[in-house]
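Take a look at the structure below.
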Amino acid sequence: MMELNLSRVDYLQVGVTSQKSTKLFPGAVGKTQRIVVGDQDGLLQCLQMKKGDAQVIFKAVSPKGITRVELGGPVGGARERVFLSTGSEIKGFTKKGKNFLSFDTNLSEPIQSMFVEGADLFTCGNYVYNHYKDCKDTNYFLSADKISDVLCLPMEKNDDITPVLACQDRVLRVLQDAELLYEVEVPGPPVVLQLYGKEAGEEGNEILYGTSDGRVGLVQIGRFAPSHRWELPNEKRNGGVLSLDNFDITADGVLDLIVGRDDGLVEIYSYDEAEEPVQRFNHTLSESVTSVQGGCVATPGYDEIVCTTYAGWVSTLTSEPLIKERGPDTFSLTAEGKDKIVGLRQELDNLQVKVSSEREKYQQSAGSKTAISAVSGFNINDKFVLNREDASYTLSLELQLPIDNVLLQSDVPIDLLDVEKNSAVVSYSACNPEEGNYLLATYRCQANTTRLELKIRSIEGQYGTLQAYVTPRVQPKTCQVKQYNIKPLSLHQRTHVFDDNRPLNTVKLTGQFSLAEMHSWVSFCLPELPERTPPGETITFHFMSTFLDTLLECVYSKGEAVFRSDNISTISILKDVLTKEATKKKIRLDISYDINDESIAYTLNLIHPRLEYQLLLAKKVQLIDALKELQVHEEDLTFMSPEYRQILEEADALQAEFKRQPCHLERLYGMITDLYIDKFKFKGVNVKGKVPALLEVLDNYDLQTLVEFFNTSA
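Position one of the sequence shown corresponds to residue 1 (UniProt numbering), numbered consecutively onward.
Okay, structure coming up:
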């Protein structure tokens, strides 16, 4: 298999960009393609590369930011017309820049995603999907959860118009006219959709999806049911997927898969004989990759991957060799190269003059008595996402400007975990938990850092707010505050599967509450729920604990709510928080519960492998220093047992893992203690005085002894 060598070239910087805001015009054989890019300042630019410089073919300005750019054309024909969404308006331009369409949809929410197929236009806000035919409203659909992306299966291969919505509740919703045909369950919240190949596969019904937790999959949309073809897991815990494209960059006659992620990673996958993707190349940019497009834009005959980042950089990964060999001892510069250097120097001189002039103006105005300091505004691209693999939250903060420092403050206990990609220096300040301040940490960033990623683990049952004070490197100093809710059951994740065969505990709440009130209380307790109350008289949600794999079912309607879980602590937390919220609204709740004693042993068995592993890891780490001291004094280590020799060999990896998971053992001890207290709390018995005896049992851990302690205590 041929090795893939691609080099990065930065062409220009536009304003902050949204997802899918860059496209390439189709190009003729032997000619380069034009780039069209829209930014959040409302500027659309069509660019052509000439002699390494980006030449503007046309520009168009919109009063509001551009959220999406798509290409359209006749069904089955060349897509040579540009469509953009800005606010609730759709605009269309020819390839020469003529504005042929200005269509105001009059939608109540701004358009976040759209797709164009022939004369059909598909638009989505946060919850509402609309289908327009020749700019006339044809169909409408209200989604139960937030919509991230939309596309339509190719009409030349499908008799019916089949739109597909990517929704935050981990499903793809397949529509027919204004009706829901069926839902496709996917492993994570889908963020981006892309047709597979040029025309969605041989049958025109295959779709690629990328999720916010970094997975990529291929699903076949059948007439009555879906078929999952393959899924790429995110074993290396890379960033979420923001952009996908199909392009034959390897020049083997088969389209390759290009993936752009929110941690700046660009990946290229080829397909093996079983049509499964195999990674061929990856490159890391320093910012979120909002768009990737394969084509030929600079030099005919050399393919490129055009990447647009959140901060607006339009860059390419080109197959053209940038360093040309001219001989062992000779170096010559072409006339074109000399002209480019002269032009760059002139541009640099002009910028320095402009900066000096603006600085003088600012100092003069700042010295006057009536001067008001102008605080420059800046956008923050932030995400607070739960990771199933290690039951932690990833907080990513991204700016167009370099970050100076980030101050984290929390009014609930949380753990900060190590992140390998993070080069910032962290320092902790003393804080007083009695005043509601459990964490005060400052991250000081290196120069030119525009993106910071942090990992946080919360404790279920303790809820509050995490605040991030973000200060960029600008003068005068300015700061923005971002707030993130730490929910009572923050480590639970939406799932579509629920096992009724597990030993389940049930709590039932009845009272004079509306469906909307109960939904707001449940969404206060649990993550990944829509802000709006879903349609219907009865609502059902299923959750799985990312820490223990226990399950939770929530079924509620007007005046009644039933919660079932195999973890009694989950039920206890829900009961306490919902009662508190109802009391705030002066609503009386009648509570009945059914506790299954078998669930205690079941939950302890789920905790057992994790606890055993952490105890063994702690024991191994304790032995490392003593074993290393022996290694210094003894040349021959054959007298050591194979177990001790293995600990020495894996010492660095063991210490790194232990460092990555601080307080993990304490968290497991805390869960077992809560389980013990909650079991007897439902029986009306206070056993907090017996907690020291429980900790003694845990110090000499044995699963059977622990289960017996739970059963015999009263």
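Where a beta carbon is used, it is the ideal one built from N, C-alpha and C, also for glycine.
These figures come from a predicted structure and were not determined experimentally.
Measure how close the beta-carbons of residue i and residue j come, nearest whole angstrom, since I'm counting them as under 8 Å.
| i | j | result |
| --- | --- | --- |
| Leu648 | Leu627 | 5 Å |
| Gly295 | Glu287 | Contact doesn't hold; Cβ gap of about 21 Å is too wide. |
| Lys59 | Leu44 | 7 Å |
| Thr318 | Leu4 | Actually they do not touch by this definition, with Cβ atoms about 12 Å apart. |
| Gln614 | Leu665 | 5 Å |
| Pro488 | Thr450 | No, Pro488 and Thr450 are not in contact; Cβ-Cβ is about 34 Å, not under 8 Å. |
| Leu399 | Ile414 | No, Leu399 and Ile414 are not in contact; Cβ-Cβ is about 23 Å, not under 8 Å. |
| Glu453 | Asn422 | 6 Å |
| Asp404 | Arg473 | 5 Å |
| Thr308 | Thr290 | 5 Å |
| Ile568 | Ile600 | 7 Å |
| Leu491 | Thr570 | The pair is not a contact, with the Cβ atoms about 10 Å apart (cut-off 8 Å). |
Less than 8 Å separating the beta-carbons of residue i and residue j?
| i | j | result |
| --- | --- | --- |
| Arg667 | Ile459 | yes |
| Val503 | Tyr593 | First, the residue type needs correcting, since residue 503 is Pro and not Val in the sequence shown. No, these two residues do not count as a Cβ contact at 8 Å. |
| Gly239 | Thr17 | no |
| Gly65 | Asp41 | yes |
| Val426 | Tyr443 | yes |
| Arg170 | His519 | no |
| Leu232 | Gln194 | no |
| Ile672 | Val687 | no |
| Gln493 | Leu386 | yes |
| Val314 | Ile35 | yes |
| Ile207 | Val164 | yes |
| Val412 | Tyr463 | yes |
| Val191 | Gly217 | no |
| Leu611 | Phe658 | no |
| Gly197 | Leu255 | yes |
| Cys46 | Gly97 | yes |
| Val69 | Val61 | no |
| Ala78 | Leu12 | no |
| Asp120 | Lys133 | yes |
| Ile595 | Phe682 | yes |
| Ser557 | Asn505 | no |
On a Cα-Cα basis, can you pick out the residue from the options that is closest to residue i?
| i | options | result |
| --- | --- | --- |
| Val241 | Leu454, Asn700, Asp263 | Asp263 |
| Leu153 | Leu574, Leu175, Glu235 | Leu175 |
| Leu604 | Asp674, Phe563, Val562 | Asp674 |
| Glu117 | His131, Val621, Thr32, Asp702 | His131 |
| Phe247 | Asn238, Arg237, Ile258 | Ile258 |
| Asn485 | Thr495, Arg473, Thr471, Gln467 | Gln467 |
| Val297 | Val29, Arg8, Leu630, Gln33 | Gln33 |
| Lys338 | Ile268, Lys136, Gly52 | Gly52 |
| Ala200 | Gly214, Gln220, Glu185 | Gln220 |
| Lys146 | Asn126, Lys136, Thr162 | Asn126 |
| Ala28 | Gly301, Lys50, Val577, Ala693 | Gly301 |
| Leu283 | Ala274, Leu265, Val292 | This sequence places His at residue 283; Leu is not what is there. Among Ala274, Leu265, Val292, the Cα nearest to that of His283 belongs to Leu265. |
| Pro74 | Leu84, Glu156, Lys23 | Glu156 |
| Leu551 | Arg359, Trp521, Asn501 | Asn501 |
| Asn448 | Cys431, Gly461, Ala424, Val621 | Ala424 |
| Arg223 | Leu408, Leu181, Lys585, Lys236 | Leu181 |
Using DSSP's beta-bridge definition, name the partner residues of residue i.
| i | result |
| --- | --- |
| residue 716 | Only positions 1 to 714 of the chain appear in the structure, and residue 716 is not among them; the question remains open. |
| Arg8 | Leu317 |
| Ser396 | Lys383, Glu453 |
| His542 | Thr495, Glu553 |
| Met49 | Ala54 |
| Gly38 | Leu44 |
| Arg166 | The identity of residue 166 in the sequence shown is Ala, whereas the question assumes Arg. According to DSSP, which records beta bridges pairwise, Ala166 is partnered with Asp149, Leu172. |
| Gly295 | Glu304 |
| Lys23 | Val36 |
| Ala311 | Ala311 pairs with nothing; no bridge assigned. |
| Asn99 | Phe93 |
| Gly511 | Leu589 |
| Val216 | Gly210, Leu232 |
| Tyr428 | Ala441 |
| Glu267 | Val259, Asn282 |
| Lys133 | Asp120, Lys136 |
| Glu185 | Val171 |
| Lys482 | Ala468 |
Are at least three pairs of beta-carbons, each pair with one atom in the region 577-590 and one in the region 508-526, less than 8 Å apart? yes
Taking contact to mean 3 or more Cβ pairs, one atom from each stretch, closer than 8 Å, check whether the region 604-618 and the region 697-707 are in contact. The region 604-618 is in contact with the region 697-707.
Within 8 Å, do at least three Cβ pairs link the region 377-395 to the region 423-438? no
Could you tell me whether the region 496-515 touches the region 535-547, using the rule of 3 or more Cβ pairs below 8 Å? Contact holds: three or more Cβ-Cβ distances are below 8 Å.
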